[in-house]
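Shown next, in structure tokens, is the structure this report addresses.
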Amino acid sequence: MRKGTLSFLIFCSLMLFVLIQIGCDTLTSIAKGIALCLAGNEKACKCWDISAARPCDSDPNWPPPAPDDPDYPPGTGVDIRCDGPSFKARVSGKLSSASGYLWLALEDKSSQSSDEILSISQAVRVSGETFTGLWMRVPLGGLDLQNKEYDVGLYFCSALTDVGSPKKSIVRDDGNLHVTFTEMHRNLAKFWVSKASFDKALAANNDYCIFNGDSIEFTAICNDASSDSQFIEVVEGHSYYSNGVTWRVEGQLTPPAGSISSNGLFIAEYLAVHDGDCMVIGHDNSNGLEDTVDIFIFDKCESSIYIAEGDNAISPGECVYIDSTPQMPDLKFMLDPPNSGEQFSWTLSIKYNRSGRNDYKQYHTLLYGNETWILRDSLKSDIIGGEAQIACSSLATGCMTGEWFSIRGRNATEAEVESYITNLPGNLWYWKYVARHESDKPTQGRYHCQFNEKGDFSCDPSDVRYTPNASGDSGFGIFQLTWFDYPTRVPNIQELWSWKGNVNSGTEWLRHHQSHTSGANEYMQVERAQALSFASDSLHPPIEVLGNVTFRDGTDKFMEHAVAIKRFNGTGGGGNGQYCEWDETNHSWVIHKLNNYDPPFNYVERVCLTYP
Numbered sequence: 003m004r005k006g007t008l009s010f011l012i013f014c015s016l017m018l019f020v021l022i023q024i025g026c027d028t029l030t031s032i033a034k035g036i037a038l039c040l041a042g043n044e045k046a047c048k049c050w051d052i053s054a055a056r057p058c059d060s061d062p063n064w065p066p067p068a069p070d071d072p073d074y075p076p077g078t079g080v081d082i083r084c085d086g087p088s089f090k091a092r093v094s095g096k097l098s099s100a101s102g103y104l105w106l107a108l109e110d111k112s113s114q115s116s117d118e119i120l121s122i123s124q125a126v127r128v129s130g131e132t133f134t135g136l137w138m139r140v141p142l143g144g145l146d147l148q149n150k151e152y153d154v155g156l157y158f159c160s161a162l163t164d165v166g167s168p169k170k171s172i173v174r175d176d177g178n179l180h181v182t183f184t185e186m187h188r189n190l191a192k193f194w195v196s197k198a199s200f201d202k203a204l205a206a207n208n209d210y211c212i213f214n215g216d217s218i219e220f221t222a223i224c225n226d227a228s229s230d231s232q233f234i235e236v237v238e239g240h241s242y243y244s245n246g247v248t249w250r251v252e253g254q255l256t257p258p259a260g261s262i263s264s265n266g267l268f269i270a271e272y273l274a275v276h277d278g279d280c281m282v283i284g285h286d287n288s289n290g291l292e293d294t295v296d297i298f299i300f301d302k303c304e305s306s307i308y309i310a311e312g313d314n315a316i317s318p319g320e321c322v323y324i325d326s327t328p329q330m331p332d333l334k335f336m337l338d339p340p341n342s343g344e345q346f347s348w349t350l351s352i353k354y355n356r357s358g359r360n361d362y363k364q365y366h367t368l369l370y371g372n373e374t375w376i377l378r379d380s381l382k383s384d385i386i387g388g389e390a391q392i393a394c395s396s397l398a399t400g401c402m403t404g405e406w407f408s409i410r411g412r413n414a415t416e417a418e419v420e421s422y423i424t425n426l427p428g429n430l431w432y433w434k435y436v437a438r439h440e441s442d443k444p445t446q447g448r449y450h451c452q453f454n455e456k457g458d459f460s461c462d463p464s465d466v467r468y469t470p471n472a473s474g475d476s477g478f479g480i481f482q483l484t485w486f487d488y489p490t491r492v493p494n495i496q497e498l499w500s501w502k503g504n505v506n507s508g509t510e511w512l513r514h515h516q517s518h519t520s521g522a523n524e525y526m527q528v529e530r531a532q533a534l535s536f537a538s539d540s541l542h543p544p545i546e547v548l549g550n551v552t553f554r555d556g557t558d559k560f561m562e563h564a565v566a567i568k569r570f571n572g573t574g575g576g577g578n579g580q581y582c583e584w585d586e587t588n589h590s591w592v593i594h595k596l597n598n599y600d601p602p603f604n605y606v607e608r609v610c611l612t613y614p
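Listed below in structure tokens is the structure:
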């Protein structure tokens with residue numbers, strides 16, 4: 003026999019796994035190899051020559067008869083057809099159970115593991131012991147099919163929702179990602195089902211099912227001390243829907259020196275991930291060192307989580323709002339129906355990762371199953387928003403359940419914000435005008451927007467309306483806070499979600515630039531002393547008129563204010579970057595109007611143009 007023909011014979015072999023005991027919790031199977039090309043159908047064998055991409059013609063003599071084997075169901079056969087980046091197989095056979103689900107898989111015989119599956123079809127439900135003429139498609143995109151031996155395997159399980167459902171081990175390597183799935187047992191409290199390593203964001207087609215009502219917990223371990231990894235993402239996107247990506251995500255990697263672990267929980271009402279679908283289980287790191295994620299599977303509790311805001315029920319996926327006071331929504335969580343006989347550990351996880359943020363915070367409590375978690379008791383004074391996931395687990399059985407929703411924010415009125423600023427201790431005249439300029443009326447349609455008033459609206463994380471008003475340089479809120487004592491710290495969560503927190507910090511930062519020991523007042527005192535040492539009539543800086551504002555000594559608006567305003571935005575341009583300085587060389591006052599943006603502009607003037 004020619005070597006090429008032998009390769010095709012091995013390449014085109016079929017393994018049929020037949021259930022020999024009803025119920026997937028004790029699933030075993032028998033593998034029977036069939037040499038598809040033994041019938042002498044050379045044309046059918048050529049269907050597998052992917053590189054040649056020859057057309058495939060039907061053959062009335064196909065499929066060949068089954069081998070003379072008493073253990074092989076009579077009438078079983080496979081009709082293979084080439085179909086672009088996939089192959090189709092028409093499958094017929096007989097089950098030992100009345101109904102169930104079938105998967106067709108391409109297996110790599112050259113692997114050291116006998117269970118290595120390269121690609122798998124969608125599950126097909128079969129009813130009745132005999133099935134005939136089922137077309138099943140296995141995608142081949144991205145696979146290197148050269149110089150390897152392959153089998154086609156047929157897998158069976160009696161029910162997707164069966165409690166205790168071991169699945170055949172699957173090993174996948176998508177180039178950057180290596181995932182190993184072992185048996186999954188829902189009746190165990192905790193069982194390791196996956197380990198993945200990654201070096202960048204991945205959308206992996208991981209061929210396995212999480213059954214109805216299951217949930218996943220994962221632990222992420224970052225071994226990269228300088229990693230900029232963000233969140234471990236576990237998402238589901240079904241190929242039947244163009245935008246069918248749903249929650250969800252939890253877990254964060256922001257490690258200090260050394261390694262750090264971060265735990266998260268993902269709840270799946272139903273999640274079947276096959277080729278063509280997407281499951282992202284990793285985020286990037288900065289220098290190529292390996293991060294890993296372990297995934298566990300749990301039983302879902304019989305009770306679901308009921309979410310209420312005050313007396314009003316909140317459906318999963320809805321938005322609740324921080325009000326304009328600002329005050330957090332009056333959220334309450336409870337089990338429905340109640341379970342008075344067990345204690346449950348509750349966790350609320352809130353994350354926000356737009357505009358360069360990686361905010362993540364959790365709140366916890368322990369309650370009996372008939373008690374209500376009143377969230378304000380745990381929040382204290384925190385004001386926080388973003389994507390929220392509420393989850394609880396039974397201490398007795400280990401079961402878990404969860405839901406997700408979004409927390410957005412409502413803006414205070416312009417008058418409320420300006421009244422608040424004006425009544426702050428030590429208020430200076432220009433504070434509210436800096437706030438006017440920073441909160442971007444041209445884009446938002448009004449002054450003093452802590453949250454976006456424009457943009458698409460839904461409760462999906464991708465939509466920005468009623469999320470923090472962010473600029474391209476990662477400034478946030480009414481005062482567009484970026485850095486404090488650059489680069490010591492960025493705005494905190496409170497400054498993003500509480501407009502009063504943002505105003506308090508913004509005005510305090512302005513006060514710092516004005517009257518701190520190294521602020522504009524002290525700086526100008528030194529400059530004035532230098533000018534005075536040259537000539538007594540040089541004490542006063544030049545008069546500066548910007549819009550309706552005149553900076554002049556002896557009034558309530560003087561040059562020290564212009565210097566502080568520019569410092570708030572960042573000094574730059576000529577000289578030392580201060581808005582005004584005494585030039586010791588030329589014995590004259592110099593005004594540096596422009597900052598160092600590209601193109602540069604006069605920030606002080608822009609603020610003054612909001613002055614009526």
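Under the numbering used here, the first residue of the sequence shown carries the number 3, and numbering increases by one thereafter.
Note that beta-carbon positions come from the ideal geometry of N, C-alpha and C, so glycine has one too.
Whether residue i touches residue j by CB criterion (8 Å)
i: Leu512; j: Trp431; result: no
i: Leu333; j: Leu377; result: yes
i: Tyr435; j: Ser441; result: no
i: Ser347; j: Ser395; result: yes
i: Ser305; j: Gly411; result: no
i: Gly343; j: Cys461; result: no
i: Ile309; j: Ile316; result: yes
i: Arg569; j: Thr469; result: no
Residues bridged to residue i [DSSP beta-bridge criterion]
i: Gly447; result: Paired residue(s): none; Gly447 is not in a bridge.
i: Lys334; result: Ala310, Ile376
i: Pro470; result: Phe453
i: Lys363; result: Ile352
i: Gly388; result: Ile409
i: Thr552; result: Val547
i: Trp571; result: Going by the sequence as given, residue 571 is Asn instead of Trp. Asn571 pairs with nothing; no bridge assigned.
Per-residue burial, residue i [other beta carbons within 10 Å of its own, 16 or more giving buried]
i: Ala533; result: buried
i: Asp313; result: exposed
i: Ile545; result: exposed
i: Phe481; result: buried
i: Gly508; result: buried
i: Gly621; result: With the chain covering only 3 through 614, there is no way to say anything about residue 621.
i: Gly400; result: exposed
i: Arg359; result: buried
i: Asn245; result: Per-residue confidence for Asn245 stands at a pLDDT of 28, beneath the threshold of 50, marking its modelled position as unreliable; no derived number is given.
i: Glu586; result: exposed
i: Arg438; result: buried
i: Tyr605; result: buried
i: Thr327; result: exposed
i: Pro339; result: exposed
i: Tyr525; result: buried
i: Val128; result: buried
Residue i versus the options, residue with shortest Cα-Cα distance
i: Ser538; options: Arg530, Lys443, Ile545; result: Arg530
i: Tyr354; options: Lys334, Leu483, Asn604, Ile386; result: Ile386
i: Ala390; options: Phe346, Glu405, Ile307; result: Glu405
i: Thr349; options: Arg359, Gly358, Ile307; result: Ile307
i: Phe453; options: Thr415, His518, Gly479, Trp375; result: Gly479
i: Val609; options: Glu586, Asn571, Trp584; result: Asn571
i: His589; options: Gly579, Ser535, Tyr599; result: Ser535
i: Ala414; options: Glu320, Gly428, Leu397, Glu455; result: Glu455
i: Trp584; options: Ala566, Pro543, Glu562, His518; result: Pro543
i: Pro602; options: Ala522, Thr573, Tyr525, Asp325; result: Thr573
i: Ala417; options: Cys451, Asp384, Met402; result: Cys451
i: Gly428; options: Glu562, Ser517, Glu373, Gly457; result: Ser517
i: Ser383; options: Tyr599, Asn523, Val528, Glu497; result: Glu497
i: Ala564; options: Asp558, Leu397, Tyr581; result: Tyr581
i: Ile352; options: Glu344, Asp361, Gln345; result: Asp361
i: Ile567; options: Thr557, Val128, Asn523, Ile392; result: Asn523
i: Leu611; options: Trp375, Lys443, Phe335; result: Lys443
Is the segment 468-475 in contact with the segment 364-381, if contact means three or more CB pairs nearer than 8 Å?
no
Would you check if there are 3 or more beta carbon pairs closer than 8 Å linking the segment 414-424 to the segment 594-603?
no
Quick test of the definition: if touching needs 3 or more C-beta pairs under 8 Å, does the segment 540-555 touch the segment 499-519?
no
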